[in-house]
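Residue numbers (my numbering): 3 to 162.
Beneath this line is the structure, given in structure tokens, with notes to follow.
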């Protein structure tokens with residue numbers, strides 16, 4: 003953002019701050035719904051969940067969500083910061099492209115964490131034979147990316 007004028011720099015900095023707050027707000031809303039749905043589904047007694055009580059599955063899902071979204075936030079914040087350095091961003095910014103990239107970054111982090119960490123831990127400690135991949139394949143990150151992208155586009159239009 004150093005190649006922008008002083009007023010443009012301050013307005014882009016405000017957009018970045020708003021993105022950071024919105025990211026965590028929408029993450030709480032969407033991941034909360036997804037976690038509740040998966041915990042409820044696990045409690046039904048399916049062949050791979052064995053009727054796990056919600057009070058046992060919620061901590062696992064909350065920790066997984068915090069790790070995935072926390073690590074993803076690092077990458078998303080870097081990406082948005084890089085985007086906001088572009089001087090002609092208001093003309094070239096595309097919400098669909100932003101949303102797809104947002105989703106793919108979150109999905110890549112979730113898959114990497116599940117393969118490297120959660121799957122072996124779940125097998126060893128909790129005797130689950132399948133990782134709850136459905137939680138990360140629910141495309142709420144795609145919807146979240148579209149919402150955040152629209153917020154950025156709107157802020158860029160207001161900026162002038």
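All residues carry an ideal CB built from backbone N, CA and C; glycine is no exception.
Treat the numbers as computed from the prediction; the structure is a model and nothing was measured.
Item, Value
"Residue 19, DSSP secondary structure in three states", "helix"
"Helix, strand or coil at residue 12 according to DSSP, with G and I counted as helix", "helix"
"Residue 68, buried or exposed, once every other Cβ within 10 Å from all chains shown has been counted against 16", "exposed"
"First through last residue of the alpha helix (DSSP H) which encompasses residue 111", "97-115"
"Own chain partners of residue 18 with C-beta closer than 7 angstroms, once the 5 adjacent residues on each side are dropped", "82, 83, 86"
"The region 92-101 in contact with the region 15-35 per 3-pair CB rule at 8 angstroms", "no"
"Cβ-based neighbour list, residue 65, same chain, cut-off 8 angstroms, excluding 5 preceding and 5 following", "none"
"Close-in-space but distant-in-sequence residues of the same chain around residue 149 (CB under 8 angstroms, 5 per side omitted)", "24, 28"
"Identity of the residue in 141, 39, 11, 55 nearest residue 104 by Cα", "141"
"Inter-residue spacing [alpha-carbon to alpha-carbon] between residue 89 and residue 74", "25 angstroms"
"Burial state of residue 151 (16 or more Cβ within 10 Å)", "buried"
"Residues near residue 155 by beta carbon distance below 7 angstroms, same chain, minus five either side", "95, 97"
"Identity of the residue in 100, 102, 71 nearest residue 115 by Cα", "71"
"Close-in-space but distant-in-sequence residues of the same chain around residue 77 (CB under 8 angstroms, 5 per side omitted)", "107, 111"
"DSSP-derived helix/strand/coil call for residue 74", "helix"
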